[in-house]
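full-length UniProt numbering applies: residue 1 is where the sequence shown begins, and numbers increase by one. Just so it is clear, CB atoms sit at the ideal spot from N, CA and C, and this is done for glycine as well.
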Amino acid sequence: MARPTLSDLAAFCAIAQYRSFRRAAEMLGVSRSSLSHAMRSLETDLGVRVLHRTTRSVSPTEAGERLLRRLVPVLHELDEALDAVGEHDGQPAGTLRINGNEAAIGLLLETIVPRFLSRYPRMAVDLVAEGRLVDIVEEGFDAGVRLAEAVPQDMIAISLGPDVRFVAVAAPAYLENREPPSSPDDLKEHSCIRHRLPSGKPYRWEFERKGQRIVIDAPGALTLNSIQFMVDAAVKGLGIAYVPESAALDLLKEGRLVILLEDWSPFIPGLRLYYPGHRHVPPGLQAFINLVKERQKDR
Numbered sequence: 001m002a003r004p005t006l007s008d009l010a011a012f013c014a015i016a017q018y019r020s021f022r023r024a025a026e027m028l029g030v031s032r033s034s035l036s037h038a039m040r041s042l043e044t045d046l047g048v049r050v051l052h053r054t055t056r057s058v059s060p061t062e063a064g065e066r067l068l069r070r071l072v073p074v075l076h077e078l079d080e081a082l083d084a085v086g087e088h089d090g091q092p093a094g095t096l097r098i099n100g101n102e103a104a105i106g107l108l109l110e111t112i113v114p115r116f117l118s119r120y121p122r123m124a125v126d127l128v129a130e131g132r133l134v135d136i137v138e139e140g141f142d143a144g145v146r147l148a149e150a151v152p153q154d155m156i157a158i159s160l161g162p163d164v165r166f167v168a169v170a171a172p173a174y175l176e177n178r179e180p181p182s183s184p185d186d187l188k189e190h191s192c193i194r195h196r197l198p199s200g201k202p203y204r205w206e207f208e209r210k211g212q213r214i215v216i217d218a219p220g221a222l223t224l225n226s227i228q229f230m231v232d233a234a235v236k237g238l239g240i241a242y243v244p245e246s247a248a249l250d251l252l253k254e255g256r257l258v259i260l261l262e263d264w265s266p267f268i269p270g271l272r273l274y275y276p277g278h279r280h281v282p283p284g285l286q287a288f289i290n291l292v293k294e295r296q297k298d299r
């Protein structure tokens with residue numbers, strides 16, 4: 001068996017993690033045809049097929065999954081070693097990879113990232129926004145950003161923003177000829193705009209008041225997989241949406257949406273930047289963490 005090149009192995013990891021030749025090519029800055037050639041070379045060198053390919057999808061084979069599990073931490077450690085070597089005058093150098101949902105990545109772009117790139121010109125930042133919760137270690141990320149309740153218990157977490165709450169909202173036009181719900185159970189008599197999670201399951205609406213917790217499988221003819229689309233649909237009077245208050249804040253201030261069941265909508269711990277506690281923190285990530293802490297002091 002011939003020994004594969006490091007670039008081919010790195011290309012395989014990117015394709016297997018993104019489940020896409022196109023996205024991997026964009027991330028690596030190469031053409032899809034060159035990636036296809038690299039994968040043919042890799043499989044020839046290994047003597048085994050590592051990717052299932054169809055016209056619509058790509059995924060690791062069983063052998064590919066085994067290879068991926070071993071390769072990701074090895075390549076990550078190599079990146080850390082290169083980052084350490086690349087430090088100049090105590091300044092970090094290299095690439096920082098962070099995974100989070102769209103709201104989290106948007107917050108980073110608005111607050112931390114501009115200051116980070118300005119202060120550390122030898123650093124690059126690779127932000128990946130996706131709805132599904134990923135294993136940041138297995139998929140080669142330095143850190144993740146999620147609501148506190150979604151952060152794995154074995155991670156170190158740092159507050160990135162204030163407490164948040166999810167609220168039921170509707171347009172005044174929707175409520176014109178309807179009795180507003182006075183309890184979560186009343187939602188069963190309304191048209192609700194349902195939210196489909198990245199896993200494919202519908203999101204269940206959670207309410208709490210004075211220690212009483214109610215979870216509702218909201219009824220409704222419209223299901224969306226985007227918070228922003230849910231807010232847009234609510235503004236159009238298509239029903240009641242259950243969304244983060246921050247996503248509807250401007251429309252609430254303008255009176256185009258109103259909050260329902262407000263006394264059933266408590267605040268919960270907000271976004272957290274999290275990273276593995278059992279591994280060495282690379283210089284770039286430590287610098288990013290320090291900026292997050294600086295921002296918390298300034299608030």
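In this structure, 263 is the residue among 11, 45, 263 and 75 with its C-alpha nearest to the C-alpha of residue 213. In summary, residue 106 is exposed, with fewer than 16 beta-carbon neighbours lying within 10 Å of its beta-carbon over all protein chains present. DSSP links residue 166 through a beta bridge to 244. Residue state for residue 141 is assigned as coil, using DSSP reduced to three classes. In the displayed model, residue 99 falls within a strand according to three-state DSSP. According to the DSSP assignment, residue 8 belongs to the alpha helix (DSSP H) that extends over 6 to 18. Taken through DSSP and simplified to helix, strand or coil, residue 129 comes out as strand. Close CB contacts of residue 225 within its chain, under the 6 angstroms cut and outside five residues either way in sequence, are with 196 (chain order). When DSSP states are grouped into helix, strand and coil, residue 202 belongs to the strand group.
For residue 161, the secondary structure class from DSSP, reduced to helix, strand or coil, is coil.
With fewer than 16 other beta carbons inside 10 angstroms of its own, residue 74 counts as exposed. Within the DSSP bridge table, the entry for residue 58 names 53 as partners.
CA-to-CA, the gap between residue 23 and residue 141 works out to about 16 angstroms.
Check the Cα spacing between residue 238 and each of 244, 94, 280 and 219: the tightest is with 219. DSSP, reduced to helix, strand and coil, places residue 44 within a helical segment of the structure shown. The beta carbon of residue 17 sits closer than 6 angstroms to the beta carbons of 139 from its chain, once the five residues preceding and following it are set aside; these are given in chain order. Between the alpha carbons of residue 71 and residue 9 lies a distance of about 8 angstroms. Annotation for residue 61: 49, 50, 51 and 52 place their beta carbon closer than 7 angstroms to its own, counting only its chain and skipping 5 residues before and after.
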